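In terms of this note's numbering, the sequence shown opens at residue 4 and continues consecutively.
In this text, a Cβ means the ideal position worked out from N, Cα and C, and glycines have one as well.
Here the structure is a predicted model, which is why all the values come from computation and not from measurement.
Data block below; observations after.
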Amino acid sequence: MKSRRKFFSKLIKVLLLLGVWCGVLFSTLFFPGEADSAGRGHENTFTRESLYYRVSIKGLSIGEQVLRVVGETTYEGHPVYCVQTELRSYPAIALLFRYREKGLLYLDKEGLFPRYSLREIQEQNREKREETLFSPEKGEVIHRITDKGETKEKIYALPEAFCLDNLSLVYYLRTRPWEKGVKTFFFLTPSGPVEVEYSYLGQERVETPLRRFMTDKIDDPVSRITVWFSKEEKNYPVKINVVQNAGTIRSVLVKIE
């Protein structure tokens, strides 16, 4: 029982690296000119929507995640998209492991980089809060973690570019930067931004419980993460695979609202 609990705990923690959710994935910096053109070119991409994902490993469904753009607002005087997220383990595995995470992201409307992000995590009986404040104008990122009543804060210097975190990278990639020749991004790690080069692997059909999608396949060989983005106007992240020692963790789009 103890080994199973550890197994599911590791699986859920891997999901968080995705920034799927995202949860799933990476974090990104991109140059101001490219960011501006990406934002303006997809002015209507991130209007109100909810994306639902089923998460599994070795054919076993272990949880679900929701990414929800709830509207537009302002944050510290800047127009932003408001994105809410939720990730939870299925009740069926509650005896082995319970996990729930709620998140909030303020995504700059023009540049599509994060202004603010928040994660509130419940893991078994443990609660943790992670808060990140992005200030490209000041050239810094402030990251705070509150765990067991203790708050720790780190401040990172930014290059002359915008910084994105896990979830915001998913929305950034939906602007299809590979079509503009942009092949690198900066991933915000506990040690600060790290540059990562991703690969465009061509087009591929993907079957989901929702329907069949024609997609563009993007791979990060460093993190061993692969994402399939639909080729239709909204550029939905249809599927995400993460290769781990325990097996490939797969997140699949199952519903769009």
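If we call anything under 8 Å between Cβ atoms a contact, is ALA160 one with GLU133?
For ALA160 and GLU133, no; Cβs fall outside 8 Å.
Taking all protein chains shown into account, do 16 or more other C-beta atoms lie within 10 angstroms of the C-beta of GLN206, making it buried, or fewer, making it exposed?
Classification of GLN206: exposed, given that the 10 Å Cβ count is below 16.
Of all the options TYR201, GLU210 and VAL241, which has the alpha carbon lying nearest to the alpha carbon of PRO224?
It is TYR201.
Put VAL185 into one of helix, strand or coil per three-state DSSP.
Residue state, collapsed to three classes: coil.
List the residues that DSSP assigns as beta-bridge partners of SER254.
In DSSP, SER254 forms a bridge with VAL58 and ILE243.
Output needed for THR251: all residues of its chain with C-beta closer than 6 Å, excluding positions within five of it in sequence on either side, in chain order.
Only ASN244 meet the Cβ criterion.
Do you know how far the Cα of HIS81 is from the Cα of CYS25?
Caution applies to CYS25, whose pLDDT of 39 falls short of 50 and renders its modelled position unreliable; the model cannot decide the point.
Whole-angstrom Cβ separation of LYS258 and TYR78, contact assumed at under 8 Å?
The pair is not a contact, with the Cβ atoms about 28 Å apart (cut-off 8 Å).
What do you get for VAL199, buried or exposed, if any count of 16 or more other CB atoms within 10 angstroms of its CB means buried?
Result: buried.
Go to SER1, then tell me how far its alpha helix (DSSP H) extends in each direction, as first and last residue.
For the chain, the structure presents residues 4 to 260; residue 1 sits outside this window and is missing.
Candidates ASN238, ASN169, GLY114 and THR229: which alpha carbon is nearest SER254's?
Among ASN238, ASN169, GLY114 and THR229, the Cα nearest to that of SER254 belongs to THR229.
Please determine, among MET217, PRO139 and GLN247, the residue with the shortest C-alpha to C-alpha distance to VAL241.
Among MET217, PRO139 and GLN247, the Cα nearest to that of VAL241 belongs to MET217.
Below 8 Å between beta carbons: does that hold for LEU191 and CYS166?
Going by C-beta atoms, LEU191 is nearer than 8 Å to CYS166.
What does a CB cutoff of less than 8 Å around ARG208 pick up in its chain, not counting 5 residues either side in sequence?
For ARG208, where only same-chain residues beyond five positions count, the Cβ hits under 8 Å are ARG215, PHE216, MET217 and THR218.
What residue from LYS131, TYR203, ILE124 and TRP231 has the CA that sits closest to LYS155's CA?
If we check each option's Cα against that of LYS155, LYS131 comes out closest.
In whole angstroms, what is the alpha-carbon distance linking GLN127 and LYS61?
Each residue's Cα considered, the two are about 24 Å apart.
Please classify GLY271 as buried or exposed, where buried requires at least 16 other C-beta atoms within 10 Å of its C-beta.
This structure gives no information on residue 271, because the portion of the chain shown stretches from 4 to 260.
If you draw a straight line from the C-alpha of GLU236 to the C-alpha of ARG51, how long is it?
So the two alpha carbons sit approximately 15 Å from each other.
Taking buried to mean at least 16 other C-beta atoms within 10 Å of its own C-beta, is GLU104 buried or exposed?
It counts as buried.
Under 6 Å Cβ to Cβ from SER233, same chain only, skipping five residues before and after it: list those, please.
For SER233, where only same-chain residues beyond five positions count, the Cβ hits under 6 Å are PHE216, THR218, TYR239 and VAL241.
What's the call for GLN247, buried or exposed, on a 16-neighbour Cβ count within 10 Å?
Exposed, since its Cβ has fewer than 16 Cβ neighbours within 10 Å.
Grouping DSSP H, G and I as helix and E and B as strand, with all else coil, what is ALA160?
In this structure, ALA160 counts as strand in the three-state DSSP scheme.
Considering only C-alpha positions, which residue in the set TYR84, GLY66 and LEU63 is nearest to VAL73?
Out of TYR84, GLY66 and LEU63, TYR84 has the C-alpha closest to the C-alpha of VAL73.
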